[in-house]
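Okay, structure first, notes after.
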Amino acid sequence: MSVRIAIIGGTGVYDPAILEDVREERLSTPFGSARVKIGTYKGKAVAFMARHGEDHSVPPHLVNYRANIWGLRLLGVKSILATAAVGSLNVQMKPRQFVFVDQFLDFTKSRPQTFVEKGVVHLDMTDPYCPELRRVLASAAEELGLEHHTRGTYVCTEGPRFETPAEIRMFRHLGGDLVGMTSVPEVVLAREAGICYATVAMVTNYAAGIAQGRLSHQEVVDVMAENAANLRRLLMRAVEMLDVERTCLCHATPLDPSAVP
Ligand code: HPA
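Residue numbers (numbering that gives the first Met the number 0): 0 to 260.
Printed below as a string of structure tokens:
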């Protein structure tokens, strides 16, 4: 059975507990290797990848995003649902709420953002997150009665440190709603690979200077754990509702195979 759907689990999401008949594979790519678990849910083959490793040993700036996305492309994946713990800069977006982000602001500094190593590709980024996947997620959240926002701007920082309050004030002035450390380049590479991609952002805290007191990774992990069951219900309902037929433009610019190593 071909694998058309993948879930990339971020902080707090390490285990595809809902999948049946799980097998593990190591995918070799020109960019390094990636580990994936493949199982089935309601008759659909689903791949699961833990972005930071199952023991959360890989920090956001060292994730091999290219190997992960290329590996999913090799499997034949057409849709990726990625989870992300985020801080909120927008008081309307509260801890434990889900946000199906529609835009990003990129403040990363050291990460390869393209597969292309020969020639130049300037990809359209008008709708970086697949509008169809976002619609499916919104319908699933609506149906399950989960509090959510159907759009939001994700500010991606380099990390691994949290931000200063001055940075958060700047991001807010620029139109950011949420802050996290992983959506870029994952979303960009998925588009290059022609894979529909959506982020299920879960607000775990208010960002630095908005939150009362200091931030800690433990707080982020604890809030993710509290809401893990809701996140799992949301993902599985979305997987169930996903259709392979698409009218979106995520596949519109196929990669020239000769441009990739
Ligand atoms: N900043 C950056 N990344 C995050 C945060 C934050 O406040 N919360 C969860 N991931």
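Beta carbons: idealized from backbone N, C-alpha and C, even for Gly.
- The beta carbon of Ala227 sits no closer than 8 Å to any heavy atom of ligand 1.
- Ala192 sits in coil when the DSSP states are folded into three classes, being neither helix nor strand.
- Closest option to Cys155, judged by alpha-carbon separation, among Val120, Pro94, Ser87, Gln217: Ser87.
- From the listed residues Ile4, Gly212, Lys36, Thr28, the smallest Cα separation to Ala16 is found for Lys36.
- Around the beta carbon of Gly179, 16 or more other beta carbons sit within 10 angstroms, so the residue counts as buried.
- Between Ile68 and Leu188, the C-beta gap is smaller than 9 Å, which places the two residues in contact.
- Contact check for Lys43 and Val238: beta-carbon distance about 6 Å, within the 8 Å limit, so the pair qualifies.
- Arg34 and Ser27 have their C-alpha atoms spaced approximately 9 Å apart.
- The bridge partners DSSP lists for Asp105 are Cys155.
- Remark: three or more beta-carbon pairs, one from each stretch, lie closer than 8 Å, so the stretch 206-218 and the stretch 159-177 are flagged as touching.
- Between the beta-carbon of Met201 and that of Val85 there is about 7 Å, and that keeps the pair under the 8 Å contact cut.
- Within the chosen limit of 8 Å, ligand 1 does not reach the beta carbon of Glu185 with any heavy atom.
- Nearest to Ser109 by C-alpha distance, out of Leu61, His121, Leu73, is Leu61.
- Residue nearest to Glu24 within the set Gly8, His55, Leu73, Tyr40 is Leu73 (criterion: CA-CA distance).
- Excluding its 5 nearest sequence neighbours in each direction, Gly70 has C-beta neighbours in its own chain below 7 Å: Leu26, Thr28, Ala33, Val35, listed in chain order.
- Gly86 is bridged by DSSP to Val178, Asn204.
- Looking at the backbone, the Cα of Arg171 and that of Gly158 are separated by about 18 Å.
- Per DSSP, the unbroken beta strand (DSSP E) holding Asp20 starts and ends at 19-28.
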